[in-house]
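Colleague: So that you can map any letter, position 191 of the sequence shown is 262 in our numbering, and since no number is skipped, the others follow by simple counting. All C-beta atoms, glycine included, are put in the ideal place defined by N, C-alpha and C. Here the structure is a predicted model, which means the values were calculated and not measured. Before I ask anything, let me first share the structure, which is written out below as structure tokens.
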Amino acid sequence: MIELINVAKQYRIRHGIHTVFSDLNLKIAPGEKLGILGRNGSGKSTLIRLLSGAELPTRGHVVRRMSVSWPLAFGGAFQGSLTGLDNIRFICRVYGADISSVVPAVEEFAELGRYLREPVKTYSSGMRARLAFAISLAIEFDCFLIDEVISVGDARFHAKCQTELFEKRKERAMVIVSHEAHNIREHCDRACVLHAGKLHPFPDVGTAYAFYNANC
72 MIELINVAKQ
82 YRIRHGIHTV
92 FSDLNLKIAP
102 GEKLGILGRN
112 GSGKSTLIRL
122 LSGAELPTRG
132 HVVRRMSVSW
142 PLAFGGAFQG
152 SLTGLDNIRF
162 ICRVYGADIS
172 SVVPAVEEFA
182 ELGRYLREPV
192 KTYSSGMRAR
202 LAFAISLAIE
212 FDCFLIDEVI
222 SVGDARFHAK
232 CQTELFEKRK
242 ERAMVIVSHE
252 AHNIREHCDR
262 ACVLHAGKLH
272 PFPDVGTAYA
282 FYNANC
């Protein structure tokens with residue numbers, strides 16, 4: 072179970088305090104697939120970062136009783152001067168994962184070849200995304216956070232990502248943010264809409280989209 076209890080998030084900007092959202096309450100059960108809808112700037116990515124623990128709420132509590140991934144394909148935590156291989160080793164130590172099994176799994180899946188032993192700062196954005204996605208799958212989590220459904224690489228690699236995530240890990244919980252309606256409809260059991268700083272929950276995806284289209 073992951074639970075948000077009266078969560079608020081604010082940022083200090085040049086002209087004062089900007090409240091992204093307030094009084095968010097949400098529960099995500101094991102194995103549940105939840106879609107998050109909202110217009111640009113509504114706070115969807117901020118919510119994903121709060122769920123992952125990358126950011127802390129200004130007020131309220133985030134309770135995690137499941138292991139939670141970082142946003143898939145997000146490479147912002149990489150140290151650019153280290154090689155891809157060294158970043159893998161570092162992340163394994165942070166998460167207590169077995170380096171001897173994670174390294175070959177990432178090496179095979181990411182398909183970076185000799186570049187895995189080059190500094191990450193020399194990678195293209197696509198290469199960083201491949202590495203981040205491969206590590207996310209090599210270190211197993213109870214809940215995967217997906218900020219936009221993965222579209223890394225060519226069609227073959229994209230299909231491989233879809234199979235690994237949505238077929239081989241279909242029993243895991245997922246929180247999916249996407250601007251593409253078919254991604255939410257295809258993969259989610261229910262959805263919430265972030266609108267005007269509030270989170271509006273709906274029991275099914277169709278009802279959520281009806282609200283979204285009428286109000287956002």
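(1) Measuring alpha carbon to alpha carbon, tell me which of E257, R243, P101, Q81 ends up nearest F92.
(2) Whose C-beta lies closer than 6 angstroms to the C-beta of L156 among residues of the same chain, with five residues either side of it excluded?
(3) Using only alpha-carbon positions, find the residue among R85, L105, A79 that is nearest to D94.
(4) If you run the structure through DSSP and keep just helix, strand and coil, what is E251?
(5) Grouping DSSP H, G and I as helix and E and B as strand, with all else coil, what is Y283?
(6) Please state whether DSSP places T154 in a helix, a strand or coil.
(7) For D275, collect the residues of the same chain with a Cβ closer than 7 angstroms to its Cβ; drop the 5 residues on either side in sequence, then sort them by chain order.
(8) If we count the other Cβ atoms within 10 Å of its Cβ and call it buried at 16 or more, is R83 buried or exposed?
(9) Less than 6 angstroms between C-beta atoms, sequence neighbours within five positions excluded: which residues of the same chain meet that for A181?
(10) Could you check the C-alpha separation between G109 and K115 for me, to the nearest Å?
(11) From W141, M137, S113, pick the residue whose C-alpha is nearest to that of E126; which is it?
(12) Just curious, the beta strand (DSSP E) that V264 is in, first and last residue?
(13) Give the DSSP bridge partners of F92, in chain order.
(14) Quick check on DSSP: helix, strand or coil for G87?
(15) State yes or no: is the C-beta of K104 within less than 8 angstroms of the C-beta of H250?
Modeller: Per the coordinate set shown:
(1) Nearest C-alpha to F92: Q81.
(2) L187, R188
(3) A79
(4) coil
(5) helix
(6) strand
(7) R261
(8) exposed
(9) R201, L202, A205
(10) 7 angstroms
(11) W141
(12) 261–266
(13) K80
(14) strand
(15) Judged by their CB atoms, K104 and H250 are not nearer to each other than the 8 angstroms cut-off.
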